[in-house]
Structures are given as C-alpha cells and as structure tokens.
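First up is the structure itself, then whatever we jot down about it.
Chains as they are written, first to last, in the numbering used here: chain H, 121 to 203; chain Z, 121 to 203.
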C-alpha cells in the first residue's frame, strides 16, 4: 500500500487569477512582505501496491481524470509506502 | 526571501465529498487498486524575510484568510530560503 500526494498547478505560462486576488487581499490586510501567491490543489491517493505499479496508476489517473493538460501540470511524491 | 507551501485540508472528522466522488470515478475507470482519495489545496507563498518573521506571516494569513478553521486545518513547509 502506498500513499502518494499528487500536486496539480497551473503551467507557468497560465495566469493564476485566484492567486493574484489572494495576494491583493493579503496586501489589504497589511502584509506587504508577501510578494507572490500561487494556488494549487493536491490529491492524497492511497494505492494498493508499490513502486512501478503505483507510478503507472498515478500516471493513468492523472492523464484520464485529475489534470487538465491544456492549463495544468502535475508532480507527485510518495508520502508512505508499506510492502 | 522565503518560499513556503501552505497545505489546507479538511479536518479528519469532516467528510470530503469531492475526494469521495473522485474515488468513485477512478473506480469507474477500472482502477480498483485506488483505495482512498482526499482533496486539498495549497498556496505557494513568497515572503520577504526568513525564519521567525516568515512563520509569523504564515500564521497570520492562515488565521485571517486562507483557512476555515471550522472545517479545515493547515500545515506548511519551507520550499526555498535565501538570506
């Protein structure tokens, strides 16, 4: 059993309106020390199996469901792994 | 300058309907090896300063803006730090 965290973010070329709005709101709260905000989502996914099997599952569910490759990109990291 | 990633998740006691729906959709795609899905959001925040200053800023913007403490909780990690 493996627990992975899949991070989905906008591609660098895509404007992040939510991040921009949050940054302005943070400035309105008086925190001018905050220079940039970018927003993303993540999926904590528990998968039966380990290693290559899990890599294959992550790639497939990212391709088929979780990521809009027109605007988004993803990375993932293994959080826990048990044989 | 410090870049932190702030992770916001539902509290364990709060049902995550989006995660549950995604899990069912993944099963419909044939990936029964996926046992659990939980959804969260993250904020990549670039802050002027380092160390305790940054910790204070993160706490204040989480408390004042980013986190709904009725349903959510947060953690954060430093991704990059430059003097």
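C-beta: ideal position from N, C-alpha, C; glycine also. Bear in mind the structure is a predicted one, so any value in this text is a computation, not a measurement.
What's the C-alpha gap between residue i and residue j?
i, j, result
"residue 170 of chain H", "residue 148 of chain H", "47 Å"
"residue 195 of chain Z", "residue 125 of chain Z", "8 Å"
"residue 189 of chain Z", "residue 177 of chain Z", "17 Å"
"residue 146 of chain Z", "residue 172 of chain Z", "42 Å"
"residue 184 of chain Z", "residue 187 of chain H", "30 Å"
"residue 150 of chain H", "residue 164 of chain H", "33 Å"
"residue 203 of chain H", "residue 121 of chain H", "6 Å"
"residue 134 of chain H", "residue 191 of chain H", "6 Å"
"residue 180 of chain Z", "residue 152 of chain Z", "41 Å"
Mind checking which residues open and close the beta strand (DSSP E) that includes residue i?
i, result
"residue 90 of chain Z", "Outside the shown range of chain Z, which is 121 to 203, sits residue 90 of chain Z, and nothing can be said about it."
"residue 156 of chain H", "154 to 167"
Residue i bridges to which residues according to DSSP?
i, result
"residue 198 of chain Z", "Z:124"
Which residue marks the beginning of the alpha helix (DSSP H) containing residue i, and which one marks its end?
i, result
"residue 187 of chain Z", "Neither: residue 187 of chain Z is in no alpha helix (DSSP H) and is coded neither H nor E."
"residue 177 of chain H", "171 to 181"
"residue 139 of chain H", "137 to 148"
Any heavy atom of the ligand SAM within a distance shorter than 6 Å of the CB on residue i?
i, result
"residue 148 of chain H", "In the structure shown, the ligand SAM is absent, as is every other ligand, since no ligand is present at all."
Kindly list the residues whose CB is nearer than 6 Å to the CB of residue i, restricted to its own chain and excluding five residues on each side of it in sequence; keep chain order.
i, result
"residue 123 of chain H", "166, 199 and 200"
"residue 154 of chain Z", "146"
Give me, in chain order, the residues of the same chain whose beta-carbon lies closer than 7 Å to that of residue i; leave out the 5 immediate sequence neighbours on both sides.
i, result
"residue 127 of chain Z", "160, 162, 194, 195 and 196"
Give me the subset of the stretch 150 to 162 of chain H whose CB atoms are less than 7 Å from a CB atom of chain Z, sorted by chain position. Of all residues in the stretch 150 to 162 of chain H, those with a C-beta nearer than 7 Å to a C-beta of chain Z are 151, 153, 154, 155, 156, 157, 158, 159, 160, 161 and 162, reading in chain order.
What residues from the stretch 167 to 178 of chain Z come within 8 Å of chain H, judged by C-beta to C-beta, listed N to C? Only 167, 168, 169, 173 and 177 from the stretch 167 to 178 of chain Z bring a Cβ to less than 8 Å from some Cβ of chain H.
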